[in-house]
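Asks:
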Amino acid sequence: MARFLTEAIGTLSDAGSLFVVAAGLTLVFGAMRVINLAHGSFYMYGAFLVTTIAGTSSGLRFWVALGLAAVVVALLGAVVQLGVVRFVVGKEPLTQLVATFAVLYILADIGLHLWGSGARSVNAPLAVSGTFTLAGAYLPVYDLVIIGLAILVGVVLWLLLSHTSLGWMIRAAVDDPELLQAGGVNLRRLHLGVFAAGALLAALAGAVVTPQISVAPGMDQSIIVSSLLVVVIGGLGSIVGTAFAALIIGIADTVGTLVDPTWASTFMYFAVIIVLVVRPWGLFGTPER
Amino acid sequence: MTTLPAADLLAAGRDAGGSPWAGRLRRAALPLAFFVAVLVLGLTMAPANVLELQYAVSLALFAVATNLMLGFGGLVSFGQGVFYGVGAYTVSLGWMHQSLSFSEAMILAPFLGAALAVPLGMIALRTRRLYFALLTLALSQLAYVIAENQTNFTGGTNGVFGAMVPSWLLVPRNSFLLTLAIVTVSLAILWKVLHSPFGLVLRGIRDNRERVEALGVNVYAHELAAFVISGFFCAVAGTLFVVYSQSSYPEIVDWTASGIPVFMAVIGGMYTFFGPVVGAFVYEFANHYLIEYTQDWQLVIGVVLLAIVLLRPDGLAGSLSAIGERWRRRRDRVPAGPPPAPLPPEGGAS
Amino acid sequence: MSDTVLAVEGLVRDFGAFRAVNHVDLAVERGTIHAVIGPNGAGKSTLFKLITGSLRPTAGRVILNGQSIGGKRSHVIARRGLVQVFQLSSICGRLTVAESVALGLISQRHRGFDVASTYQRRARDEAVAILDQVGLVAHASSIAGTLSHGDQRALEIAMALAIKPTVLLLDEPTAGMSPAETAVIADLVVSEARARGITVVLSEHDMDVVFGISDHVTVLHQGQVIAGGTPAQVRSHPEVMAIYLGHAATAGEEAP
Ligand SMILES: Nc1ncnc2c1ncn2[C@@H]1O[C@H](COP(=O)(O)OP(=O)(O)OP(=O)(O)O)[C@@H](O)[C@H]1O
Ligand SMILES: [Mg+2]
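Residue numbers (numbering that gives the first Met the number 0), protein chains in the order written: chain A, 0 to 288; chain B, 0 to 349; chain C, 0 to 255.
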């Protein structure tokens, strides 16, 4: 039982942060049909900004850094949208992938200039570090922070998308852009807002995991791969699908590690392959036609 | 509507003005000149530079083989590194496990690449467009984690290094000539394939899959064939990586490595046969010299990629041939004769 | 003496709760021109897609030459001789006009997997002959994507003819065309049908074309067949008159 709890909380926490990043990716795709390969860069920038702002403090300053990092990266997202992404909306997948990959390269290089090539780490605020016991298991308190954030993000996004006029606009932005513009909605501004929000989510995830990982260049490329797996399994554009898929990937990873560590990292790829063989457009996606 | 008799039209076709041989020769002139230039350069340059040239030549094959799917089949694969890796690892693991001689491995590798492309293609081609790109990306990353973690078999993170090529290939010129020969033959075969009925069907699928299917073509089977042929020649390119570096390591199969031939094709021009060759040379030399002179090679390459994909979507070769086309049209307007002018659009088309 | 080449029996297609095609029966005689008409949204395009297999029917059967083709993949159906030209213009934009037709010839000769010959170039003579019939021979070397709308439609018909269909399905072949272009296409359809014995099923909003060229007319309304017969019979059918008089304005504006 204790063993199970430890694994379960760890899995949920991993799945939680993955969900927050992937939700940003899928939100952008849902509103403008663009897959942004530089999404992982926002995650990395979020993490590095926290290391810069919070420094070695283990108090309030961490929370401030979290918020500040998210806001700064949202602004960066707006810049990327205005400078690059808005020109590839509605273009072929290849154009979008190459253009956003170029952004990934450019941001990676700028990141090297800003933070160097070494690894950095951050301490969690004292209030949420350490462990608590439940049914005989020692569980990291900080995992609960991440899980809590993921749930919060999930609920807010779900409410926003399915219960507000903004959510309706975001969906209509793809299905019926003419109608939307006829109704006086500024599509460009909508795209800008959604893209910045997507970047913000990535940064938030990158920022919140800093106490648990070593922050280093290259994390942009590794997180984008897992987030892509998640959004593909979930079905591009679906927040609910993304939540399910993040859990699937998290569980695949945990089970993999328990079964055979040398094959562990392949499990999530097999999960993707199996899902796509059965449903080529993902669990909650709609066939492209 | 005025219609020309069929016979006139044939004469006014592609090989206008001269025998078919003259036309063929004119079309072959540029590639031939390029080949001779590379050959002469390779035989006269300093050994260190020859190696770089050799690498560019092998990447040209990787880019063209990838572009068989990308520019001719309309299939954006971010997974061709898998087959490149099969090529490289077949040679180096054959050596490490003492199970294959160098020449056996060189011959076997492309067939292994093609054989692996069958199941992977059958899976990946069930998905379309963006999903296909992302699924192939996942396959590439899967190959990467396998290469990285199956340490006993693959050498793990460090990969395989060692004296895996015969000693005569350690002479730069020999190694260069072998690479050039293999790439030239491979490109000739790919040229033939793309200028066959199969190649035409493939381009039709790229432009309009539904239409071609409605003409009775089994699109899935043709795409699979393209995937397998591409896998075969990507593996050939992979074996040449070993000839170049006497090593294989996981980074040659990950998704960014799979992206490189795609970027080369985009830079050079994916709608022409030789565009990716140009792209491979530009990319590789830029890469090589940038690393020497600046730390910011990622920045520079990123900016170049952005500029091309946003401003010149047909790539360098596309831009060149557009310029050539304009020049030819201007020249052809000078001599008197039956005007080849296309008919004006029918009046009143709304 | 009836010789039914294409029969549709009890065809149904639902989109969610909406029934776009509702128990449609159709019998097309060999060698005739058979028009399917009906107001916008009547279900004509859906019916055509069900017949060619690009949409799956909810219920019902499609029989070509006495054999059921329900559930077959669309390229298999095309191979059996049933070829569709879509409502929205649908060409291979980067191929030349001659190459586009050669594509059909390659398909018809089963040479798609031929990687070693230059058959596509040898097919050019034959392609040019077909282009001659549809009046596109002067454009043989042009890039298909640069043709005018009317020429693109004609090219689509040429591509379809290249695979020697027994039944040709044309979904609004003259939509968006000038009267002159419309006349060219109508003549083309008639002459191809008569000269090669091709059966033509077409949907069309231009009533002059429909009543001018077809042997048989079926009227579709809200997914159901409400009338069928010779042009004269259909023209005087009370229900049809009601619908078309009611929609007279819209029906007139369909083909500008
Ligand atoms: N994929 C789809 N999903 C949902 N509804 C559809 C779909 N395709 C068609 N419909 C609906 O089915 C009905 C019939 O459409 P269809 O295109 O067959 O009409 P049509 O007779 O061809 O009309 P038109 O003359 O405008 O071409 C319409 O109400 C349309 O909205
Ligand atoms: Mg229709």
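Glycine is no exception: its CB is placed at the ideal position from the N, C-alpha and C atoms.
1) Beta-carbon of Leu9 of chain B versus every beta-carbon of chain C: anything under 8 Å?
2) Could you give the DSSP three-state label for Gly129 of chain A: helix, strand or coil?
3) Run through chain C and tell me which residues come within less than 9 Å of Glu212 of chain B, C-beta to C-beta.
4) Output the boundary residues of the beta strand (DSSP E) element that contains Arg18 of chain C.
5) Can you tell me whether His162 of chain A is buried or exposed, with buried defined as 16 or more other CB within 10 angstroms of its CB?
6) Of the choices B:Val170, B:Thr156 and B:Gly72, whose alpha-carbon is the least far from that of Cys91 of chain C?
7) Closest to Leu17 of chain A by C-alpha separation, out of A:Arg85, A:Gly39, A:Phe28 and A:Ala7, would be which residue?
8) Between which residues of its own chain and Ile225 of chain C is the CB-CB distance below 6 Å, once the five residues before and five after are set aside?
9) By the three-class DSSP mapping on this structure, what secondary structure does Glu238 of chain C have?
10) Taking Cβ positions only, does Trp167 of chain B come closer than 8 Å to chain A?
11) Is it the case that the Cβ atoms of Glu171 of chain C and Gln86 of chain C are separated by a distance below 8 Å?
12) What's the C-alpha gap between Thr5 of chain A and Thr293 of chain B?
13) Closer than 7 Å by beta-carbon distance: list the chain D residues that pair up with Thr261 of chain A, in chain order.
14) Have a look at Ala77 of chain A and Phe86 of chain A and give me their C-alpha separation to the nearest angstrom.
15) Taking only beta carbons into account, state which residues of the segment 103-137 of chain A come closer than 9 Å to chain B, listed in chain order.
16) Looking at the C-beta of Gly336 of chain B, does it have a partner C-beta in chain C at a distance below 8 Å?
17) Using a Cβ-Cβ cutoff of less than 7 Å, which residues in the same chain neighbour Gly314 of chain B once the five nearest sequence positions on both sides are dropped?
18) Taking all protein chains shown into account, do 16 or more other C-beta atoms lie within 10 angstroms of the C-beta of Ile242 of chain C, making it buried, or fewer, making it exposed?
19) Can you give me, in chain order, the residues of the segment 209-234 of chain A that have a beta carbon less than 7 Å from any beta carbon in chain B?
20) Tell me the DSSP secondary structure of Gln83 of chain C in three-state form.
21) Where Glu212 of chain B and Ser73 of chain C are concerned, what is the direct C-alpha to C-alpha distance, given to the nearest angstrom?
22) Does any C-beta atom of chain B lie closer than 8 Å to the C-beta of Val114 of chain C?
23) My assumption, with CB atoms under 8 Å, is that Leu102 of chain C sits in contact with Val200 of chain B. Please give the rounded CB distance.
24) Within the structure, which residues are defined as neighbours of ligand 1 by a Cβ-heavy atom distance below 5 Å, reported in chain order?
25) Please confirm if Tyr130 of chain B has its CB atom under 8 Å from at least one CB of chain A.
26) With a threshold of 8 Å between beta carbons, is Pro92 of chain A in contact with chain B?
27) I want to know whether the segment 118-127 of chain C touches the segment 95-109 of chain C - three or more CB-CB distances under 8 Å.
28) Please tell me whether, using a cut-off of 7 Å, the distance from the CB of Asp205 of chain C to the nearest non-hydrogen atom of ligand 2 is below it.
29) For Gly144 of chain C, tell me which candidate among C:Gln66, C:Gly40 and C:Thr95 has the shortest Cα-Cα distance.
30) What does the Cβ neighbour count give for Lys163 of chain C, buried or exposed, with the cut at 16 atoms within 10 Å?
31) Let me check you understand the geometry: is the CB of Glu98 of chain C closer than 7 Å to at least one non-hydrogen atom of ligand 2?
32) Would you kindly check if the distance between the Cβ of Thr178 of chain B and the Cβ of Leu239 of chain B is under 8 Å?
33) Taking 7 Å as the cut-off, is the C-beta of Gln86 of chain C nearer than that to any heavy atom in ligand 2?
34) Determine the direct distance from the alpha carbon of Met121 of chain B to that of Arg79 of chain C, and round the result to whole angstroms.
35) Using 8 Å as the threshold, is the segment 75-89 of chain B in touch with the segment 104-116 of chain B, meaning 3 or more CB pairs across them?
36) Restricting to Cα atoms, I'd like to know which of A:Ile238, A:Asp252 and A:Ile272 is closest to Ser264 of chain A.
Replies: In short:
1) Since pLDDT at Leu9 of chain B reaches only 33, below the 50 mark, its modelled position is unreliable, and the value read off the structure follows with that caveat. Closer than 8 Å: yes.
2) coil
3) Result: Ser53, Arg72, Ser73, His74 and Ala77.
4) Phe17 to Glu28
5) exposed
6) B:Gly72
7) Of the candidates A:Arg85, A:Gly39, A:Phe28 and A:Ala7, the one whose C-alpha sits nearest the C-alpha of Leu17 of chain A is A:Gly39.
8) Val218 and Glu238
9) helix
10) So, not an interface residue.
11) Contact: yes.
12) 47 Å
13) Although the question refers to chain D, the structure presented lacks it and instead comprises the protein chains A, B and C.
14) 13 Å
15) Leu103, Tyr104, Ile105, Leu106, Ala107, Asp108, Ile109, Leu111 and His112
16) Here the model assigns Gly336 of chain B a pLDDT of 40, short of 50, so the residue's position is not dependable and the matter cannot be decided.
17) Val265, Ile266, Gly267, Gly268, Met269, Gly274, Gly278 and Ile307
18) buried
19) Gln220, Val224, Leu227, Leu228 and Val231
20) strand
21) Annotation: Glu212 of chain B to Ser73 of chain C spans about 7 Å, alpha carbon to alpha carbon.
22) yes
23) Contact flag correct, Cβ pair sits at about 6 Å.
24) Taking every residue with its beta carbon within less than 5 Å of a heavy atom belonging to ligand 1 gives, in chain order, C:Phe14, C:Ala19, C:Asn39, C:Gly40, C:Ala41, C:Gly42, C:Lys43, C:Ser44 and C:Thr45.
25) The beta-carbon of Tyr130 of chain B is placed less than 8 Å from the nearest beta-carbon of chain A.
26) yes
27) yes
28) no
29) C:Thr95
30) Lys163 of chain C is exposed by the Cβ-count criterion.
31) Because no heavy atom of ligand 2 lies under 7 Å away, the Cβ of Glu98 of chain C does not count as near it: no.
32) yes
33) yes
34) 25 Å
35) yes
36) A:Asp252
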